[in-house]
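As you go down the protein sequences, you meet chains A and B in turn. Heads up, the first sequence is in the numbering used here, so the first residue is 1 and it goes up one at a time. Heads up, the second sequence is in the numbering used here, so the first residue is 1001 and it goes up one at a time. Cβ atoms here follow ideal geometry from the backbone N, Cα and C, with glycine treated the same way. Keep in mind it's a predicted model, so treat the numbers as computed, not measured. Here the structure is laid out as structure tokens; the discussion comes afterwards.
There are 2 protein chains.
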Amino acid sequence: MKLTNTAITGDFFKKYYSLIINELMPYQWDVLNDKTDAAEKSHAIENIKIAAGASKGEFSGMLFQDSDFAKWLEALGYCLQKGDLQNFRAKADEIINYIAQAQEADGYFNTYFQLTAPERKFTNLHEAHELYCAGHLIEAAAAYYEATKNEQVLSIAQKLADLICSRFGEEPGQIRGYAGHQEIELALIKLYELTNNENYLKTACFFLDERGAEPNFFIEEAKKRGGFSEWSKRTERYPSDFTYNQAHKRVREQFEAKGHAVRAVYMYTAMAEAARLTNDATLLNACEKLFDNITQKQMYITGGIGQTNHGEAFTYDYDLPNDINYSETCASIGLIFFAHSMLKMNKNSKYADTIELALYNTVLSSVQTDGKRYFYVNPMEAVPENNQNPARAHVKAVRQKWHVCACCPPNLARLLASLEKYIYMWDDNILYINQYISSVANFESDSGHFKVEMQSGFPNSGEVSVCVKSFAGEAVALRIPAWCKNYTFTMSGNAIKPEIKDGYAYVKIPDIKGNFDASTDTFDILRVNFIMEPEFIYANTAVRADAGKTCVKRGPLVYCLEETDNIHNLHNLSVNTKSDLILKPGNIGGFDFYAITADGFAESASDKGELYTSNEPIREDMKLNFVPYFLWGNRQRGEMICWVRR
Amino acid sequence: MKLTNTAITGDFFKKYYSLIINELMPYQWDVLNDKTDAAEKSHAIENIKIAAGASKGEFSGMLFQDSDFAKWLEALGYCLQKGDLQNFRAKADEIINYIAQAQEADGYFNTYFQLTAPERKFTNLHEAHELYCAGHLIEAAAAYYEATKNEQVLSIAQKLADLICSRFGEEPGQIRGYAGHQEIELALIKLYELTNNENYLKTACFFLDERGAEPNFFIEEAKKRGGFSEWSKRTERYPSDFTYNQAHKRVREQFEAKGHAVRAVYMYTAMAEAARLTNDATLLNACEKLFDNITQKQMYITGGIGQTNHGEAFTYDYDLPNDINYSETCASIGLIFFAHSMLKMNKNSKYADTIELALYNTVLSSVQTDGKRYFYVNPMEAVPENNQNPARAHVKAVRQKWHVCACCPPNLARLLASLEKYIYMWDDNILYINQYISSVANFESDSGHFKVEMQSGFPNSGEVSVCVKSFAGEAVALRIPAWCKNYTFTMSGNAIKPEIKDGYAYVKIPDIKGNFDASTDTFDILRVNFIMEPEFIYANTAVRADAGKTCVKRGPLVYCLEETDNIHNLHNLSVNTKSDLILKPGNIGGFDFYAITADGFAESASDKGELYTSNEPIREDMKLNFVPYFLWGNRQRGEMICWVRR
């Protein structure tokens, strides 16, 4: 049984999707074509035209400028799969045609190297993002091909992948190396799944297996090119720390998440996919340990990862500073990819819980409700003047228009335009429901087909109803969210008690046979209420930054305090954790939500404002007003905190 | 009336001084002569010998390597003034002789430029520390000359200063610039005070006045040398931010402390000296505002300054993070210089209070009790694993042996070997007692002399007795420490009530006439008890990092919690600010102190250790054991915090 299509039907994510198709995608198209008023031009499409001989000029942009168009094309593919953005199809086809013209006979395509340094192709995998750009183009081609059956784009991807498979490996004459920024591994696996060409899987596994081998490839490669750096265009010292690139150990020996967070989670995703496709237990073991290390020791309560801007990296267990965090949007998106790949192998709710957490908090908070501004770094606390301290200069208190290094918004577009794939899974004759996103899905096999309809109140209410038409499986398994302490399952008004295993409630078909409506061939399978109680959450006492503090959550949503609803200097507030948490409906930027009010107090100076004094601050009772984290920063510019003193 | 000599008699500072003369100075001599097992050699004295033609080889070390010998020589001068370290005198004379040989006919001396790039002398004041090294040599010469009357060293300094006065200024042919690292200003003023040569004062004032003028000198200078950088030895972009060097504004318009903290306080000290010597009201106004800005908005409770390692710099008002602070030892020493210069002009206790605070806390804590290890960065909290986060890599949990860039230990030697000058001041016929350090001092003038003897229990007790023999002044003014709420003044057992002005108690001679003992010609002037109550201190509520926290102080001493006296994960402790603070005598490394105990509780996880949980941590009552901050880190390696949750 195979999922043939899913349509998201609920307002909440339809609104986000509309930001993607109405704002982000057209705006990014203009950026790629240098048609915006942005200070620095993208030049991404111009580079392609120059490489194709269709335009005159020089390469301009980052080493990895090609990937910007690829990410946009991939997102476009997902939109076209749903029938949207048809007006961009001819435009995309035109650029694809330029790429075909620019692609060399052996399959090579990378405008940076083709236009500026053809003699240095594949000499600096460590720094030059060559395989990274190839990977994004292959991912894009797969998505675009699935939507359009454009054979040209598939052929480009296959020729490029074939070149990579022939150039990299253990055979004599091949380069025994791997990419400085992981991405090609993922992409080759996707292309393998689309084409069934085993070479692609084999080369992806080679890249993973070779990583971290001694002597280190990045040093050997640097020696060969005399230390020449593609960034500085000068001779530099040989590299010495490979933790940043997750090449410090063999991947099977990596149990703690380290180094650049986006590189890390892209690689862990590829590891999980490879483990699944090759049934590799040691690879799976590393993936499990890495996933648990991230989510149980190095993840912010919002699903943000990467504690430091230094190398946009993980740091160490329980180090979760709120004022200097990085929590890049792309890293949380990569964490979602990783969790999704793990879930394919192991139906444990913790994977889908992590997807839910990262999605509703870090990922959604990264975009303004009008779709025009983005966070790359997602703050755990925002204080406008804070970035006068250079250690916090990367933490912005307001979303930014569009960066030169434009990774996060296109990644967000890729995710939100393909969100439907995170909802359902079919495995071993069981329909798994992982995310409670209102939708209609069709499953088909040789022996028949069925249709699922889900209505969900998420994230504001935990009421979910699931109807299945012509269901032929053994069970429907529904994730019990980790935050949910009380829930009810009913069928035609009667309570049922499904078996619970690894956080999933297995509703078996024999249990519900009596509920079959022959006239419509429909099981009115389920009404579930995952009761969403607002609650105070506490960090592990090993987390220094959150000591003495609490964070309010309700259902999947993390809450925060904003200056506009409270006071200036939010750090002077304390909340009473014995207080009732009162819900109040609200709306920000078109999004309905429940605000939460709690009792607390504010401290203020009891003297003339000396820097240090023996007079304890005065406390004044006040109501604290919390709003969902994903909606913060959409009103007046001001302070925000997630963790509040108690 | 002039202070002719002061001898510190109390055990407390004699012990520190003995570390200087028995450990630091001999060790530094070995470092300067490359006779230690340190990984990187100093080469400082070897450079001098090579420049003198007495040795063969190449320059090695930092651009400012010369200053290492100069700082040692200055400290040696102070030790020799007290009759100590006589065995180093011949050794120092020998190096001075080499310097005389190396000094060029026009007075130039800088081994880096003489040996590596004579053609680039005075072409890169911004980066190359040329005037900084000159300044330290001049300061050293003054101190060494005062101790030894070695005319050769004074002549070296004068020739060098004369060269600088002739090369820099507003006249045609002179360089209209100033140093990237301030120091020469201070030094020229010292040399002026020693020699009465007005040129030195004039050039010092020129450097101050010119600073921050438009167009910016550092850009103009960089243009002239085509952007060549003395550090990278390459062409670099022209510099653009001059806040780091305090050249972003004219000095008279600088009211907020900004940029590199050591550069800043060295410059402010020179500004204060210049304001005093030239009676310059606008310069004084800037100094007053800068002093208040530092001490009322940007200073840690320990007297540490420089909130960030990025540029070792100030950040902004009330930004006082405890985990990423810099608080370099040299910066607090410079703050003491600045406060001392301000005190010369204005007898307001706040200046001497700041000296006391910085001295007893940041400065003393920087050295291990055995004198063998040093902090450059003085932590406000120490967690051994914390520096795995790159933002905190500069914060070490244990003192270090000796750095290649060896600024702090020699600076500490300079300060502690000349500490007696911070105790007394004679001004307008009044004897000021600024620091309560047991000592004997002699004052002389044409019309007579007198002698002061002070016994002080500081920092452990506030009991002070002051005897003066043959006093001929109008009053003795004693600083009332800012931390002191209750104090008693008695004379021969009778309470007296001196007039208080600007934090000083003015004990006038007519008031105490009856206490004259004719047989010894001695006034048993005073017994004072500055009652030292342990107390909880609170930061201004604008200080985000200290919200909800308290710090224990007693008298001049800041207290802290160490892991060894408490628990692991000190952040899980809270103190009850209504609790009694109980004193208990202790001794660490030979230093007696009072430990302080308070009631509080420790939190621990109430569940299986999830990263986030709805179970509030469990509280367990416990006694919290505080020790003085200056003694921390002298026992087992472990955590330390100054600010504790309340």
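Secondary structure of residue i, DSSP reduced to three states
i: F1064 (chain B); result: coil
i: V1251 (chain B); result: helix
i: V466 (chain A); result: strand
i: I423 (chain A); result: coil
i: P628 (chain A); result: strand
i: N576 (chain A); result: coil
i: T1036 (chain B); result: coil
i: L320 (chain A); result: coil
i: K1501 (chain B); result: strand
i: F206 (chain A); result: helix
Beta-carbon neighbours of residue i, restricted to chain B and to distances below 8 Å
i: S574 (chain A); result: G1548
i: E535 (chain A); result: S1614
i: T577 (chain A); result: E1616
Check whether residue i and residue j have beta carbons under 9 Å apart
i: Y1316 (chain B); j: Q388 (chain A); result: yes
i: I50 (chain A); j: T111 (chain A); result: yes
i: A1075 (chain B); j: I1138 (chain B); result: no
i: I1423 (chain B); j: A1441 (chain B); result: yes
i: E1312 (chain B); j: G1303 (chain B); result: no
i: R619 (chain A); j: N576 (chain A); result: no
i: N293 (chain A); j: A257 (chain A); result: yes
i: F1338 (chain B); j: V1265 (chain B); result: yes
i: T1488 (chain B); j: V1528 (chain B); result: yes
i: C1133 (chain B); j: A1052 (chain B); result: no
i: E533 (chain A); j: E639 (chain A); result: no
Contacts of residue i in chain B (Cβ-Cβ under 7 Å)
i: P617 (chain A); result: Y1538 and T1541
i: E385 (chain A); result: Y1316
8 Å Cβ cut-off: residues of chain A touching residue i
i: M1299 (chain B); result: L611
i: Q1648 (chain B); result: It is not possible to answer for residue 1648 (chain B), since the shown part of chain B is limited to 1001 through 1646.
i: T1308 (chain B); result: N389, P390 and A391
i: I1596 (chain B); result: Correct list: empty, because the minimum Cβ distance to chain A is about 15 Å.
i: I1355 (chain B); result: Correct list: empty, because the minimum Cβ distance to chain A is about 16 Å.
Contact set for residue i: own chain, Cβ-Cβ below 8 Å, skip 5 residues either direction
i: K1223 (chain B); result: Y1238
i: I1189 (chain B); result: Y1200, L1201, A1204, A1270, E1273, A1274 and L1277
i: L631 (chain A); result: S365, T369, I588, G589, F591 and F593
i: Y144 (chain A); result: L73, E74, L76, G77, L80, A92, I96, N150 and V153
i: W1426 (chain B); result: M1001, K1002, L1003, Y1432, F1443 and G1473
i: S1155 (chain B); result: A1100
Sequence-distant residues of its chain with Cβ nearer than 7 Å to residue i (five each side left out)
i: M1342 (chain B); result: A1272, C1287, F1291 and Y1351
i: E1356 (chain B); result: Q1435, P1481 and P1556
i: I1500 (chain B); result: I1480
Close-in-space but distant-in-sequence residues of the same chain around residue i (CB under 6 Å, 5 per side omitted)
i: L478 (chain A); result: I433 and A505
i: F206 (chain A); result: G169
i: A417 (chain A); result: I20, A75, Y78 and C79
i: R1250 (chain B); result: G1212
i: I537 (chain A); result: C551 and K553
Contact set between residue i and chain A, taken where Cβ atoms lie within less than 7 Å
i: N1604 (chain B); result: Note on identity: in this sequence residue 1604 (chain B) is Ser, with Asn being the wrong assignment. What S1604 (chain B) touches in chain A: T541.
Partner residues on chain B for residue i, Cβ-Cβ distance less than 9 Å
i: N569 (chain A); result: T1541, A1542, R1544 and A1547
i: I531 (chain A); result: Result: empty, since nearest Cβ-Cβ is about 14 Å, beyond 9 Å.
Contact set between residue i and chain A, taken where Cβ atoms lie within less than 9 Å
i: I1480 (chain B); result: Chain A residues near I1480 (chain B): none, gap ~15 Å exceeds 9 Å.
i: I1305 (chain B); result: Those within 9 Å of I1305 (chain B) in chain A number zero; the least Cβ separation is about 12 Å.
Contacts that residue i makes with chain C (C-beta to C-beta distance below 8 Å)
i: R645 (chain A); result: Checking the listed chains, one finds no chain C in this structure; the protein chains it contains are A and B.
*Counting only runs of 3+ residues fully inside the region 1393-1463 of chain B, write out the beta strand (DSSP E) ranges in chain order.*
1424-1427, 1430-1433, 1439-1445 and 1448-1456
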